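Taking it in order: structure first as structure tokens, then the write-up.
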Amino acid sequence: MTKRYKLGLSLSGGGMKGAAHIGVLQALLDNGIKPDIICGASAGSIAGVMYADGLQSEEILYVLAHIQASKVFRPSLSLRSLAKHSFLKELLSAHISANNLEELSIPVIVAVSNLNTGYAEYHSEGAIEEIVAASSCIPIIFDPVNIGGNMYVDGGLLDNMPVKPLVELCENIIGVNLISMLPLQQTDLGNAVAMSERIFDMLVVNNTEDNYHLCDMIINPPEIMNYGVFGFKNGHALYEIGYNATMAEIDKIKFMLSSAGSKSS
4 MTKRYKLGLS LSGGGMKGAA HIGVLQALLD NGIKPDIICG ASAGSIAGVM
54 YADGLQSEEI LYVLAHIQAS KVFRPSLSLR SLAKHSFLKE LLSAHISANN
104 LEELSIPVIV AVSNLNTGYA EYHSEGAIEE IVAASSCIPI IFDPVNIGGN
154 MYVDGGLLDN MPVKPLVELC ENIIGVNLIS MLPLQQTDLG NAVAMSERIF
204 DMLVVNNTED NYHLCDMIIN PPEIMNYGVF GFKNGHALYE IGYNATMAEI
254 DKIKFMLSSA GSKSS
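In short: position in the sequence shown from 1, add 3, done, that's the working numbering.
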């Protein structure tokens, strides 16, 4: 049975490491390859909706380069978090023309974690600002996002490189993983943000690698482990890492796509 899409792209979470996703997407574009559908969690959902809304790589990198920590970490009065989670909604509102996921030029599925049910959910319709903010809401650091009476946090908590929604839809799936390895020892744990980042990375490593077998190819640049989730000034360096890692696999990607029909015939 022929599947609906030729190429699906799964973009993992990773905070500011998500700039590497823009490099991946640009390397594919430079070789005439466009994903037919994108599934993302957290940073992957941000990159996915910006790309699917038509923003160019330079525009996205410009936006990322001007993110300031003081705006991201606005103190919260809530007992559930350290910071408000309003900045991302404001950023998306300022730079995304579509209001809902179903209005994007390329289908995008966003993974979120439902605190009330304890299960991952995958949204392909609904308000972009709310759903992407929920998918990017690192627990404890940011306020959970209320959607339809349920409280949602980072999609990466339960499915950091979401592939399952693509399996029945796509002939080929490329997974891009930005949190696959941890430094053997982390010594800089002197504040709540650093502690939360470390704990979150430990949680998502295993649920990400569980999805490897569902992908036809994994892009997993090892240099990524040298960068932190909140490295606000590393956008261009991370872009280059993603770009170069994709270019290193581009011949394999082209061969995979050229023989895509054989798996579904």
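Even for Gly, the Cβ is constructed at its ideal location relative to N, Cα and C. For clarity, every value in this text was computed on a predicted model and none was experimentally measured.
Compute the Euclidean distance between the alpha carbons of residue i and residue j, then round it to the nearest angstrom.
i, j, result
"G245", "T120", "35 Å"
"L187", "S100", "Caution applies to L187, whose pLDDT of 46 falls short of 50 and renders its modelled position unreliable; the model cannot decide the point."
"N102", "E132", "8 Å"
"Y155", "L31", "32 Å"
"I40", "P110", "5 Å"
"E174", "I36", "14 Å"
"L272", "I227", "A question about residue 272 goes unanswered here, because the residues of the chain that appear run from 4 up to 268."
"D213", "H98", "34 Å"
"K266", "V170", "Bear in mind that the predicted position of K266 carries a pLDDT of just 47, short of 50, making it unreliable; the figure below should be weighed with that in mind. Their backbone Cα atoms lie some 12 Å apart in a straight line."
"L260", "G57", "23 Å"
"S268", "K9", "Low per-residue confidence applies at S268: pLDDT is 41, beneath 50, and the placement is therefore not dependable enough to give any value."
"V148", "A46", "16 Å"
"S48", "G234", "18 Å"
"M205", "I143", "15 Å"
"N153", "K255", "42 Å"
"R7", "M198", "42 Å"
"M164", "C140", "15 Å"
"A176", "D146", "For the record, residue 176 in the displayed sequence is Ile; it is not Ala. Each residue's Cα considered, the two are about 33 Å apart."
"G159", "S15", "7 Å"
"A248", "E93", "31 Å"
"N209", "L161", "10 Å"
"L95", "E252", "31 Å"
"P168", "V232", "25 Å"
"A55", "S108", "6 Å"
"P224", "A240", "12 Å"
"T5", "S89", "42 Å"
"S13", "V166", "6 Å"
Along the chain, where does the beta strand (DSSP E) containing residue i start, and where does it finish?
i, result
"K9", "Y8 to L14"
"Y125", "A123 to H126"
"S116", "V111 to N117"
"A44", "I40 to A44"
"M220", "M220 to I222"
Measuring alpha carbon to alpha carbon, tell me which residue in the options is nearest residue i.
i, options, result
"V66", "E252, G159, G21 and E106", "G21"
"Y230", "I221, Y242, F90 and I222", "Y242"
"G26", "A68, A44, N210 and A50", "A50"
"A123", "G43, G17 and H69", "G43"
"H126", "L94, V52 and F203", "V52"
"N117", "G129, I134 and S108", "I134"
"R201", "M164, H24 and G18", "G18"
"F258", "M220, A240, K236 and H239", "M220"
"G151", "A130, D157 and H24", "A130"
"L91", "A137, E61, I112 and I222", "A137"
"G178", "C218, H69, M250 and Q59", "C218"
"M250", "L104, N180, L12 and N34", "N34"
"I182", "G11, A23 and L12", "A23"
"K236", "T211, L104, V113 and I70", "I70"
Which first and last residues belong to the alpha helix (DSSP H) in which residue i is found?
i, result
"G245", "G238 to M250"
"G231", "Unbroken run through G231: none, as it is neither H nor E."
"L28", "A22 to D33"
"I256", "I253 to S261"
"H98", "F90 to H98"
If you measure from the beta carbon of residue i to each beta carbon in chain D, is any gap under 8 Å?
i, result
"I141", "No chain D appears in this structure, which consists of one protein chain only."
Can you tell me whether DSSP reads residue i as helix, strand or coil?
i, result
"N103", "strand"
"S211", "The residue you asked about is not Ser; residue 211 is Thr in the sequence shown. T211 falls in the helix class under three-state DSSP."
"L64", "helix"
"H216", "helix"
"G47", "helix"
"G18", "helix"
"L58", "coil"
"I36", "coil"
"I202", "helix"
What are the start and end residues of each continuous alpha helix (DSSP H) run of 4 or more residues lying completely inside the stretch 130-195, in chain order?
-> Scanning the stretch 130-195 for uninterrupted alpha helix (DSSP H) segments of 4 residues or longer gives 131-138, 159-162 and 167-170, listed from N- to C-terminal end.
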